[in-house]
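*Asks:* Residue numbers (full-length UniProt numbering): 1 to 74. In this text, a Cβ means the ideal position worked out from N, Cα and C, and glycines have one as well.
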Amino acid sequence: MESAFKLAYEALEAQEVPVGCIFVHNNEIIASGRNTVNETHNATRHAELNCIDQCICNSRTLHYVCSCFIRLRY
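1) Going straight from the alpha carbon of residue 9 to that of residue 20, what length do you get?
2) Apart from the five residues on each side of it in sequence, which residues of its chain come closer than 8 Å, Cβ to Cβ, to residue 26?
3) Short check: CB of residue 113 to CB of residue 3, under 9 Å?
4) As an exercise, report each continuous beta strand (DSSP E) stretch of at least 3 residues that is fully enclosed by the UniProt domain "CMP/dCMP-type deaminase" (1-74), in chain order.
5) Can you give the Cα-Cα distance for residue 79 and residue 7, rounded to whole angstroms?
Here you go:
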(Lines of atoms letter the chains of each structure in order from A and count residues from 1; the text may use other names and numbers.)
(Lines give C-alpha, C1' and ligand atoms only; values in the text may rest on other atoms or scores of the structure.)
Protein backbone atom coordinates (compact mmCIF):
# COMPACT_ATOMS: atom_id res chain seq x y z
CA MET A 1 0.00 0.00 0.00
CA GLU A 2 2.89 2.36 0.67
CA SER A 3 3.94 2.06 -2.99
CA ALA A 4 0.48 3.11 -4.15
CA PHE A 5 0.60 6.04 -1.74
CA LYS A 6 3.96 7.16 -3.18
CA LEU A 7 2.54 6.96 -6.70
CA ALA A 8 -0.42 9.10 -5.62
CA TYR A 9 2.00 11.68 -4.25
CA GLU A 10 3.93 11.64 -7.55
CA ALA A 11 0.65 12.30 -9.36
CA LEU A 12 -0.10 15.21 -7.03
CA GLU A 13 3.36 16.69 -7.65
CA ALA A 14 2.69 16.42 -11.42
CA GLN A 15 -0.59 18.40 -11.05
CA GLU A 16 -2.69 15.25 -11.56
CA VAL A 17 -5.54 13.86 -9.48
CA PRO A 18 -3.50 12.12 -6.76
CA VAL A 19 -4.26 8.45 -7.37
CA GLY A 20 -1.76 5.61 -7.35
CA CYS A 21 -2.39 1.94 -8.09
CA ILE A 22 -0.45 -1.31 -7.71
CA PHE A 23 -1.26 -4.88 -8.69
CA VAL A 24 0.10 -7.55 -6.36
CA HIS A 25 0.51 -11.27 -7.11
CA ASN A 26 2.03 -13.62 -4.51
CA ASN A 27 3.12 -10.63 -2.40
CA GLU A 28 5.05 -9.16 -5.34
CA ILE A 29 4.18 -5.94 -7.17
CA ILE A 30 3.65 -6.93 -10.80
CA ALA A 31 2.49 -3.52 -12.06
CA SER A 32 2.13 0.04 -10.85
CA GLY A 33 0.64 3.23 -12.19
CA ARG A 34 -0.61 6.71 -11.39
CA ASN A 35 -2.91 9.19 -13.04
CA THR A 36 -1.42 10.80 -16.16
CA VAL A 37 -4.57 12.36 -17.62
CA ASN A 38 -3.23 15.93 -17.72
CA GLU A 39 0.27 14.96 -18.86
CA THR A 40 -0.99 12.88 -21.77
CA HIS A 41 -4.13 14.93 -22.55
CA ASN A 42 -5.96 11.58 -22.55
CA ALA A 43 -8.96 11.17 -20.26
CA THR A 44 -8.51 7.39 -20.11
CA ARG A 45 -5.06 7.51 -18.47
CA HIS A 46 -6.29 6.80 -14.96
CA ALA A 47 -3.97 5.03 -12.53
CA GLU A 48 -5.83 1.74 -12.85
CA LEU A 49 -5.67 1.68 -16.66
CA ASN A 50 -1.99 2.62 -16.66
CA CYS A 51 -1.41 -0.24 -14.25
CA ILE A 52 -3.34 -2.67 -16.46
CA ASP A 53 -1.33 -1.55 -19.50
CA GLN A 54 1.93 -2.13 -17.64
CA CYS A 55 0.76 -5.56 -16.51
CA ILE A 56 -0.09 -6.52 -20.10
CA CYS A 57 3.23 -5.24 -21.45
CA ASN A 58 5.29 -7.03 -18.79
CA SER A 59 3.52 -10.39 -18.88
CA ARG A 60 3.61 -13.29 -21.29
CA THR A 61 0.43 -14.62 -19.77
CA LEU A 62 -2.54 -12.78 -18.34
CA HIS A 63 -3.74 -15.57 -16.08
CA TYR A 64 -2.94 -13.76 -12.85
CA VAL A 65 -5.13 -13.73 -9.82
CA CYS A 66 -3.97 -10.55 -8.18
CA SER A 67 -5.01 -7.85 -5.75
CA CYS A 68 -5.41 -4.25 -6.78
CA PHE A 69 -4.56 -1.53 -4.25
CA ILE A 70 -5.57 2.04 -5.02
CA ARG A 71 -4.69 5.07 -2.91
CA LEU A 72 -6.06 8.59 -3.13
CA ARG A 73 -4.09 11.40 -1.50
CA TYR A 74 -5.54 14.80 -0.60
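*Replies:* The short version:
1) 8 Å
2) none
3) With the chain covering only 1 through 74, there is no way to say anything about residue 113.
4) 19-25, 28-34 and 67-72
5) Absent from the structure is residue 79, since the part of the chain shown begins at 1 and ends at 74.
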